[in-house]
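Worksheet: the structure to be examined is printed underneath.
4 protein chains.
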Amino acid sequence: MARSTTSDDGGTGTAAGTGSGGASGGASGGGPSAAVPERLLAEATRLFAERGYDRTSVQEIVEAAGVTKGALYHYFGSKDDLLHEIYARVLRLQTERLDTIAARHEVAVPERLAEAAADVVVTSIQNLDDTKIFFRSMHQLSPEKQKAVRAERRRYHERFRSLVEEGQRDGHFRPGLRPDLVVDFFFGSVHHLGTWYHADGPLSAEQVATEFSDLLLHSVRQP
Amino acid sequence: MARSTTSDDGGTGTAAGTGSGGASGGASGGGPSAAVPERLLAEATRLFAERGYDRTSVQEIVEAAGVTKGALYHYFGSKDDLLHEIYARVLRLQTERLDTIAARHEVAVPERLAEAAADVVVTSIQNLDDTKIFFRSMHQLSPEKQKAVRAERRRYHERFRSLVEEGQRDGHFRPGLRPDLVVDFFFGSVHHLGTWYHADGPLSAEQVATEFSDLLLHSVRQP
Amino acid sequence: MARSTTSDDGGTGTAAGTGSGGASGGASGGGPSAAVPERLLAEATRLFAERGYDRTSVQEIVEAAGVTKGALYHYFGSKDDLLHEIYARVLRLQTERLDTIAARHEVAVPERLAEAAADVVVTSIQNLDDTKIFFRSMHQLSPEKQKAVRAERRRYHERFRSLVEEGQRDGHFRPGLRPDLVVDFFFGSVHHLGTWYHADGPLSAEQVATEFSDLLLHSVRQP
Amino acid sequence: MARSTTSDDGGTGTAAGTGSGGASGGASGGGPSAAVPERLLAEATRLFAERGYDRTSVQEIVEAAGVTKGALYHYFGSKDDLLHEIYARVLRLQTERLDTIAARHEVAVPERLAEAAADVVVTSIQNLDDTKIFFRSMHQLSPEKQKAVRAERRRYHERFRSLVEEGQRDGHFRPGLRPDLVVDFFFGSVHHLGTWYHADGPLSAEQVATEFSDLLLHSVRQP
DNA sequence: AATGAATGAGTATTCATTCAT
DNA sequence: GATGAATGAATACTCATTCAT
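Protein chains in written order, with full-length UniProt numbering: chain A, 1 to 223; chain B, 1 to 223; chain C, 1 to 223; chain D, 1 to 223.
The structure is reproduced here in structure tokens:
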């Protein structure tokens, strides 16, 4: 059984091992020739972002992916599982990137914070569908999956907060600030990108990233 | 007919005519003795915030309000209408407050911006249910109501943006900033209060307001 | 009480006596200044013909008539009552006209039959809404009202059948025909006028009446 | 998906694929062992004829057919779809029969018209439920389905009318008659069979057919 | 690995009617 | 004579999920 209803395998398990060598296998991403689980995740992401989790029916997902319900339930234990997988994927990506940036101890804290902030803006815009889903659909996950996602999210925020705290200890950032509030302040802005940013608008992801990063840095920096 | 399906009466219409002085009338808020439309709105707000719009059934709302479905549909054209009414109410409130603050031309712009920022944080926390609903459920409104709410929201953002622009002209705020991005940056933070703030947590509304306002001001101020 | 829920007063009772001397009274027909019961009947007739009895709500009727539900229930015991009144009205009219024509014993039977046939076609077209309602909505009447209408209808058919029988006895009409079948044959055609006749089509009521009457006469006449 | 909401496949599609030879498949008609779509159609036909389309609930249909609502909606897109399917079935049958009869060019027109007339009476009586539904429920179809049925019906009438016109050209029928009116005259009679004919009455289908056909022929024939 | 028929509990909404005023 | 708020039962339709094949 490939089902992952209650699995805690970090989220890669469901799709792993399918299709290699098969006629349809191999491609990553959601193109028509991609493996079935990837295609399902890609279409689900698109549809959840477009009309919301509750308003997207399993039927619509499988039709968009060109498979049948049976196939979906072969790979995913439930609709909820699909959503959880989407969250896991984005959290994994962001955590990895933040860890890489934060670990560059040779770079001064303000530069690392600026880079981390800009990076999360860019990846949030690059995965705007995930960003939209993230803040809208958390409460539609089952309680235990919600708990798991919140825990992962908390760890991510803690790493970010550590950077702020490190900057305060080094005298770069204003000591009176509450680092947790700073993090909530900034990630509110990031999560809301999904409500107003449009790829075909006047601003590139990098422009937004630069400005958001700049605003954050000015807001915390020791004048 | 008291229905307000397409009314643009500013939202007070639904409750009008229920009679001050009547046995059931008069009270505002959602207590058990309040008028039926108010009770429905109060319970709907609570439930939408608690479990989301799509996951709240009309049945649950009327049970919580102690009336029947027929009564709900006597006052509101649809479930969607209820949600729209909630949005209209909070937008009206925030717009009024911002207008009052922004109009105090005898006060310098940074002080007015700081006050406006702190004020919207406090009222967002005081109406935390509305805040939660706002950013989660916008896309569950019917397209035309969504358009109406977005338009109203845009007007609100524009007023806020004018303050930033005024500050730039006066030389208080950094000229290189894009005022629209500043507004999106800050209101992301505000709208996300609903995802992390808890009334029984360690922070008062005023503490958050002061810190968010401070972060905003530092982020834009001419150093 | 003016209600006529179970009355057998021949159908005139409900509206009689209202409004004489009142500001709104006097006019017959359904114009905006007509008395309330007439206006209700007129709008109900129009709406029942347009969208069917079950698909017309009491709310729609009272809105079209410019009154409230309370007013409707003041004059009519039920929605069903309204429909019954419409049937009674058209049956009364047709019966009266047939009686008048059939009683002209100085005229030969074929001429009387031809005139009766043409007349019922003309009045059916002049009251096309009633004609549409008649054959579509009979089964939506309450069982007892349905019985009453059927009985009245049967009496009407019997009078018509008598003409055919009289013609057979006089040697004008073919003796082998079953008069009841002739009547059903012809009234099928008449009742179906509502499904195809349009006032703005190429045929006048009189043209249809002449041709239908001619077809009937040729179908029964002794060659 | 077996749904046929908008299908124009001539109406057989809904039942396709249920498998001849399967444990439940094969039987036509509405017996308890028939395939699910057939059983649903059979019970719907019976109930629509008995109490009308609007007064028959989907719940009643599925209970009568011994299945669940989900099963109905698996095969039919809507209640409206069921009705449309009933119309399509009867129209197909009648069109086929008329075509066969009208195509016998070796037979003189009056004989062919008489046979066609008698045949449509017999099949209308044999499918009396369909006949009842036909004239009562047309206006309860969705506008586009109504249009489709009317178009099909028009084609049927046109074929019948062609017979009349052919007879006029051949000198068998009176030249002054409007063939379209003759057709409306006759089919009014046919459609109304449902309102008065009873299988347990004194008349056999053939007796009615013979007399109706005779009345039609006499009404149009050159004396 | 995959199908698709079938389930059954759930959804928002409608509506004729009543009744205190 | 007339109002309109309120009822409560009924309505068509949806959908995540299961399971025999």
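Here a beta-carbon is modelled for each residue, glycine too, at the ideal position from N, C-alpha and C. These figures come from a predicted structure and were not determined experimentally.
- Inclusion of His172/D and Val109/D in the CB contact set at 8 Å is warranted, their separation being smaller than that value.
- If you look at Glu85/D, you'll find it in the alpha helix (DSSP H) that goes 79 to 102.
- Interface residue (Cβ-Cβ distance to chain D less than 8 Å): Phe135/C is classified as such.
- The criterion of a C-beta distance shorter than 8 Å is not satisfied by Asp80/A and Ser124/A.
- For the pair Asp129/A and Arg46/A, the CB atoms are nearer than the 8 Å cut-off.
- Within the same chain, and ignoring the five residues on either side of Leu217/C in sequence, the residues whose Cβ sits closer than 8 Å to its Cβ are Pro110, Leu113, Ala114, Ala117.
- Bridge partners of Phe48/D according to DSSP: none are assigned.
- Burial check for Arg155/B: the Cβ neighbour count within 10 Å stays below 16, so the residue is exposed.
- With a contact defined as Cβ atoms closer than 8 Å, Leu203/B and Val121/B miss out at about 11 Å.
- Between the alpha carbons of Arg136/B and Ala151/B lies a gap of roughly 17 Å.
- Per DSSP, the continuous alpha helix (DSSP H) segment holding Leu128/C begins and ends at 128 to 137.
- A Cβ-Cβ distance of about 6 Å is found for the pair Val36/C and Ala71/C, placing them in contact under the 8 Å criterion.
- Along the stretch 184 to 198 of chain C, the positions whose C-beta sits under 8 Å from a C-beta of chain D are Asp184, Phe185, Phe186, Phe187, Gly188, Ser189, Val190, His191, His192, Leu193, Thr195, Trp196, read in chain order.
- By the neighbour-count definition (other C-beta atoms within 10 Å, threshold 16), Gly52/A is a buried residue.
- Phe173/B sits in a strand when the DSSP states are folded into three classes.
- Residues of the stretch 151 to 166 of chain A with a C-beta atom less than 8 Å from some C-beta of chain B do not occur.
- Bridge partners of Arg221/B according to DSSP: Phe173/B.
- For Gln59/B, the closest Cβ of chain A is not nearer than 8 Å.
- For Phe160/B, same chain residues with a beta-carbon under 6 Å away, outside a window of 5 residues either side, are Val183 in chain order.
- For Ser204/D, no alpha helix (DSSP H) encloses it, and the DSSP letter there is neither H nor E.
- Rounded to the nearest angstrom, the Cβ distance from Ile61/A to Glu43/A is 6 Å, consistent with a contact under 8 Å.
- The continuous alpha helix (DSSP H) containing Ala65/B extends over residues 58 to 65.
- Interface annotation, Arg46/C: not in contact with chain D, CB-CB separation never under 8 Å.
- Counting along the chain, no alpha helix (DSSP H) covers Tyr53/A, and no H or E run does either.
- Here DSSP, grouped into helix, strand and coil, assigns Ala151/C to helix.
- Shown here, Leu40/C sits in a helix according to DSSP, grouped into three states.
- Closest in C-alpha terms to Gln168/D, from the list Val220/D, Glu63/D, Ser57/D, Gln94/D, comes Val220/D.
- Residues of the same chain with a CB within less than 8 Å of the CB of Glu165/D, apart from the 5 flanking positions on each side, are Pro179 in chain order.
- In this structure, DSSP gives Glu211/A a helical state, which the three-state scheme calls helix.
- Cβ proximity to chain C below 8 Å picks out Phe135, Arg136, Met138, His139, Gln140 from the stretch 119 to 150 of chain D.
- When Cβ-Cβ separations below 8 Å define contact, Arg169/C makes no contact with chain D.
- In terms of Cα proximity to Leu163/C, the closest of Lys145/C, Tyr197/C, Val90/C, Ala103/C is Ala103/C.
- Per DSSP, Thr68/C lies in no alpha helix (DSSP H) and is assigned neither H nor E.
- Residues of the same chain with their beta carbon placed closer than 6 Å to that of His74/D are lacking, with the five preceding and five following residues left out of the count.
- Burial check for Gln126/C: the Cβ neighbour count within 10 Å stays below 16, so the residue is exposed.
- Proximity of Gly201/A to chain B, defined by a Cβ-Cβ separation below 8 Å, is not satisfied.
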